[in-house]
Structures are given as structure tokens and as C-alpha cells.
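*Asks:* Here it is, the structure, as C-alpha cells.
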Amino acid sequence: FRTSKQAWLGNSLSPLIATLDLRVSDLTRVPASHNEQVQLLRYGEGQYYHAHMDWTELELYDNQRDLWISSHFGFQDRLATVFWYLN
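Just so it is clear: in the sequence shown, position 22 is 13 by my numbering, and no numbers are missing.
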């Protein structure tokens, strides 16, 4: 859970984003085609980031078949998170 402002940045937005995305792919050894869009976050004074899960806990959604199918039984869950810190 977080209280930041955010924007999603796709590879086609900028050659720099595409280059950084390829560097992440090289670092993680996960094809760039599997990467999510870059999520840009800005925290203002008093805003915060709390620990949270980056995957779907499907056991919390018993008898909700549509959610299980849309989540591909967990196959769309995030494998890794890479942080870029900008100052």
C-alpha cells in the first residue's frame, strides 16, 4: 500500500525507457517482452510505502472462478521487482 503519485511509462514513450528496459532484461535474464511497463512513483512529504505482496493470493478469493482465470492461476504474478532511484 502506498500514497504516492504514479504514472505508467511504456517502451514506446522514449528511447531512454526502452534502453533501461533492455538493461533490466539483461540484469534479470528475463526477456523484455515479459516486463511490465515502468511505474514511475513520486512521494511527497508525508506520503509512504507499506510492505505489500506483488502477487495474487488466490486462496483469498475462494469460489471466484473469474478472478482465478483472469490471473491465469498465478502465472501473471510478478517474478521480480527492480527499483531505479532518481534524485
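Cβ coordinates follow ideal geometry from the N, Cα and C atoms, glycine included.
Pull up the DSSP beta-bridge partners for residue 29, would you.
*Replies:* Paired residue(s): 0.
*Asks:* Return the chain-ordered list of same chain residues with a C-beta closer than 7 Å to the C-beta of residue 28, the five sequence neighbours on each side being excluded.
*Replies:* Excluding sequence neighbours, residue 28 sits near -1, 0 and 1.
*Asks:* Using only alpha-carbon positions, find the residue among 75, 77, 10 and 34 that is nearest to residue -7.
*Replies:* Here the closest residue by C-alpha is 34.
*Asks:* Compute the distance between the beta-carbons of residue 9 and residue 16, then report whether it is under 8 Å.
*Replies:* Contact flag unset, no.
*Asks:* Residue 38 and residue -5 - do their beta-carbons sit closer together than 8 Å?
*Replies:* Yes, Cβ-Cβ distance for residue -5 and residue 38 is below 8 Å.
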